[in-house]
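Read through the structure below, which is laid out as structure tokens, and then see the notes.
Right under this line is the structure:
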């Protein structure tokens, strides 16, 4: 056996024994070389053998990592919410969750924060600096209601990636996707109306519905293919539903991408029952597949799809730059935009427009897709390693949110309160249900840095859950 | 007669003959000196004589101006709207008015734009530059719902100027005063409710009420003392009114400041009938009197006043930084803030906070108050000079909006369309009425620069109105 074969066997054993765990970085070539008293090239050859065996994988400029094991925990089954119109509760819990934003010391597993520390975001500061230097009084004055033309042009171009052909005049810039959704709902619905949503469903959307006095029918949703078209059809036959709200691409919280055929099927249903579709595409550009999946909006022929999106998840939420393409509801959307905020902050609109126009955005997207995909591998490993058996974990196809389902007898709500005292904040599944279901589930943000602090927090969380599990 | 007395007499004659018109700048000392072949000090002495006679007045760093004549046109009488709940119309006209924002070439007499070109705004760019240089990732992340603590601290301090004692935790930062008003209305009212407003009333507020399905009772309002307390009482006795919305300090569009006693009387009424007061103070800091008048909020003992304001009129609207102090409606306001925009743009919040904290804001306010007050003199002169007799003109006590009432037989709506073709945009009074009254009135923005273009535009406007008047 040659030296490098010997070294490869030794390392493979260590991986098998769990000394180097799945997703973990291996020692650098230089370190191994001096540890074992062999040449650099011997270590490199050993690593090549392990790479061929798919035990390890290289990451550009970061070294070698243990390839995540193929045995994945099972994915959550089709959800089974109560399929009748219900009023939304949970505001106190949502508020509690959101106030965590202020607490800089806590580890925000429950948040929807993207990673804003990657190098590819740096040009944004340069663009901002350039705008400040020019001191254009345009930045200080009121913008028109629908937003800066330069930005709308860039958004129209970006939307081509999802096969969506719109003009800048079809777009209304908003204060984040939040305002876009808020406008969309108000453009389509009135108090007392009923809308259909995926279950689980983003708590922000549900709180909007609550505030506007709208009831929801929660539709069973599959963690890999999205909303059940059959269940949606049944609900449409049964109730006078005005609209369906979907996050079909990189779903929040389940991470699925609806197959194209299903997107078409939902649009067909919407046409048959003459309802609107509010399509939340805020995570869509973070799909791990390339080119990115199409939107339902791209199939829309009669303007019944209101597409809502923003740069909050892909670039930076603090900018508060989003948009809506409201289709046939354009006039109502303009009225809503006017009465809600009047217009959008000019400075950040300009900064984003320049960032996109100068090609930084696509570069940044590539980087973030890779980054989140790698984080997903590592976080999945950690969860499998530290959480008790019998859990189900979603397999996100984009974005940075993971859905974990524990055995039904476990209630995460009291666990989350204990974790909070340890400065660990999680989003309990019940936040994402109109009627407080999913108390055995949680949404996990894997945009967090993968460092010892995060790993320790996940380990502590897993241990606490295991204890509760054993005692139950 | 000495040389300077001779020169003074000559100049006085020219002013009397109208060669130098009221509000106009006189030739510089240097120019007069060379024109008349006299020394600089002779001209200065001549100007001192005219100043003593109050014929002219010096402006720091701008030279001497002809003092506006004392004879003012009469002020508009108490308005007489239909005092029953009505639904709001006029959205098309408002939208038409607002789309003027895009048209950079037009003269925007109809807008609510402040002047953002004064030197005292420069430090804002410096603060922005400093923030960009620090590249704090805090700027990129989500803010908490109620806004940056540093900004709320500065706002709490500013509010002391209006005798209002609040803590930073009582304040929710908003995307301009627009979002603040929108939140306030939704925190207090539901669809089908009735609110009382001043008449005329800011069209933005009325469009919000329209969108939320709320009816208004327009209350007679005096152009110098504000809403008629008696009429408001009568309306409260007659209708199940939920709230009254007021701009009591530097009213939009009438420019009045309600006397303190009247502010107290309105609050007493609100207490007696147990209704909320939504106080729009967005122009309040631009009162020409110092210290600035108190707010109704400062008298509020049971949290029924929701104060709405922003930096849009005093500093720059493009920043979209406003706030609400919602009193007892705090929880509902937080929910509304969350569902409407989630949070406010971080960058501009930080820039404003630093601008205020470093003392630039108070300096800027002083400058703007002086500036608008001088503009008011000049614009009033121009209006008196170029508009037909028989008009009434408001005497704003702050802000930069003037209300002009033409004889009742004149309809400004078709006139405004003609003016539009000449790139002159005005706000027809009917925009500020729920039911399309005030078609013989207009709101005029005097934050526009007083230059030949503005004067010519006002002259053209006056001529057109005179023609219509003569033909009517």
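Residue numbers (my numbering), protein chains in the order written: chain S, 10 to 481; chain X, 10 to 481. Glycine included, each C-beta is placed from N, C-alpha and C at the ideal position. Owing to the predicted nature of the structure, the values given are computational and were not obtained by experimental measurement.
Do residue 467 of chain X and the ligand SAH come close, with the Cβ less than 6 Å from some heavy atom?
What this structure holds is no ligand at all, so the ligand SAH is not there to describe.
Under 8 Å by Cβ, that's how I've got residue 232 of chain X and residue 265 of chain X pegged, so tell me the actual separation to the nearest angstrom.
6 Å
Just to confirm my understanding: we take residue 176 of chain X, look at its own chain, exclude 5 residues before and 5 after, and list those with CB closer than 8 Å. What are they?
165
How about the stretch 353-366 of chain S and the stretch 371-388 of chain X: do they share at least three Cβ pairs that are nearer than 8 Å?
no
Pull up the distance between the alpha-carbon of residue 379 of chain S and that of residue 395 of chain S, whole angstroms please.
24 Å
Contact with chain S by residue 349 of chain X, beta-carbon distance below 7 Å
yes
Taking residue 358 of chain S as the reference, give the member of S:471, S:421, S:12 and S:161 with the closest Cα.
S:161
So, is residue 344 of chain S buried or exposed, given that buried needs 16 or more other C-beta atoms within 10 angstroms?
buried
Measure the CB-CB distance between residue 287 of chain S and residue 189 of chain S and report whether it falls below 7 Å.
no
Out of S:434, S:480 and S:364, which has the shortest C-alpha to C-alpha gap to residue 163 of chain S?
S:364
Let me know if residue 99 of chain X comes out buried or exposed under the rule of 16 or more other beta-carbons within 10 Å of its beta-carbon.
buried
Residue 410 of chain S versus residue 236 of chain X: straight-line alpha-carbon distance, rounded:
53 Å
Could you check how far apart the C-beta atoms of residue 172 of chain S and residue 10 of chain S are, in whole angstroms? I think they sit under 8 Å.
Actually they do not touch by this definition, with Cβ atoms about 55 Å apart.
Would you decide whether residue 181 of chain X is buried or exposed? Buried here means 16 or more other CB atoms lie within 10 Å of its CB.
buried
Quick one, are the C-beta atoms of residue 9 of chain X and residue 297 of chain X less than 7 Å apart?
The structure shown has nothing for residue 9 of chain X, since chain X only spans 10 to 481.
Reducing DSSP to helix, strand and coil, say where residue 338 of chain X ends up.
helix
Assuming contact is defined by CB atoms lying nearer than 7 Å, are residue 285 of chain X and residue 252 of chain X in contact in what I supplied?
yes
Who are the neighbours of residue 151 of chain X on chain S, taking C-beta pairs under 7 Å?
110, 122, 326 and 327
Please confirm if residue 53 of chain S has its CB atom under 7 Å from at least one CB of chain X.
no
Does residue 418 of chain S come out as helix, strand or coil in the three-state DSSP assignment?
coil
Within the continuous beta strand (DSSP E) that includes residue 393 of chain S, where are the two ends?
Residue 393 of chain S -> not in any beta strand (DSSP E); alpha helix (DSSP H) instead, spanning 369-395.
On the CB-based measure, 16 or more other CB atoms within 10 Å of its CB, does residue 368 of chain S come out buried or exposed?
exposed
When the cut-off is 7 Å and only beta carbons count, does residue 187 of chain S lie next to chain X?
yes
Could you work out which residue in X:440, X:324, X:384 and X:191 is closest to residue 362 of chain X when comparing CA atoms only?
X:324
Name the two residues that bound the continuous alpha helix (DSSP H) containing residue 105 of chain S.
100-107
Would you give the residue range spanned by the alpha helix (DSSP H) that residue 441 of chain S belongs to?
Run containing residue 441 of chain S: none; DSSP gives neither H nor E here.
Name the DSSP beta bridge partners of residue 227 of chain S, please?
S:206
Contact belief for residue 107 of chain S with residue 154 of chain X at Cβ below 8 Å, rounded distance in angstroms:
6 Å
Closer than 8 Å is the cut-off here; do at least three beta carbon pairs connect the stretch 218-230 of chain X with the stretch 189-208 of chain X?
yes
Does residue 148 of chain S get closer than 7 Å to chain X when you measure Cβ to Cβ?
yes
Segment contact flag, the stretch 13-28 of chain X with the stretch 440-450 of chain S, C-beta cutoff 8 Å, min 3 pairs
no
Please name the residues in the stretch 399-431 of chain S whose beta-carbon is closer than 9 Å to at least one beta-carbon of chain X, in chain order.
none
Members of the stretch 174-207 of chain S that neighbour chain X once the beta carbon cut-off is set at 7 Å
184, 185, 187, 188, 191 and 200
Can you find a CB in chain X that lies within less than 7 Å of the CB of residue 217 of chain S?
yes
Close beta carbons around residue 198 of chain X, own chain, < 7 Å, minus the five adjacent residues each side:
204, 221, 223, 251 and 252
Could you give the DSSP three-state label for residue 332 of chain S: helix, strand or coil?
strand
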